[in-house]
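What follows is a short report on a single structure.
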Ligand SMILES: [Zn+2]
């Protein structure tokens, strides 16, 4: 498997993760065009090439009260020119940032509330399916999901 991956990366001239991301973005752009969704959410002009395309969060997730939920919420996703997205980000005043510990505690608190909802589970399933190819990520995910699975079982009892 290791050898196969090396061969792949050698022939593609980049990591297979990067190649995979480029391919997926290309497929996504093709589908965006077919669905006539290739209009920039920020400026209203057409997005002509895949290089211009950015996935845009309409409501800024970074430093928000619900970063994970806003990040993965497909209803919060729009498409825009990369440059329009960057411009908007520069104009948005940053909220005061929290310390790492405060941020962790806020996340924990929030995750306790949302983890049990079906909407969240469905979204995470979709996301995890898309990350399946990344072995490092899978390893980490398996460890944490096992922990929360047994924890949930405890709570049901
Ligand atoms: Zn634009």
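Residue numbers (my numbering): 13 to 169. Glycine included, each C-beta is placed from N, C-alpha and C at the ideal position. Model, not experiment: these values are computed from the prediction.
| Item | Value |
| --- | --- |
| In the DSSP assignment, the alpha helix (DSSP H) including residue 41 goes from what residue to what residue? | 28–46 |
| Return helix, strand or coil for residue 78, following the three-state DSSP convention. | coil |
| Between the Cα of residue 121 and the Cα atoms of 92, 34, 77 and 18, which residue gives the shortest distance? | 77 |
| Just mark residue 59 as buried or exposed, buried being the case when its beta carbon has 16 or more other beta carbons within 10 Å. | buried |
| Residue 59 by DSSP, collapsed to three states: which one? | coil |
| Where residue 61 and residue 68 are concerned, what is the direct C-alpha to C-alpha distance, given to the nearest angstrom? | 16 Å |
| Is residue 71 near residue 88, with beta carbons less than 8 Å apart? | yes |
| Is any non-hydrogen atom of ligand 3 found closer than 7 Å to the C-beta of residue 28, if you look at the structure I gave you? | As for ligand 3, it is missing from this structure, which binds only ligand 1. |
| Give me the DSSP bridge partner(s) of residue 130. | DSSP output for residue 130 lists no bridge partner at all. |
| For residue 146, which three-state DSSP category applies? | coil |
| In terms of residues, what are the limits of the beta strand (DSSP E) holding residue 68? | 65–69 |
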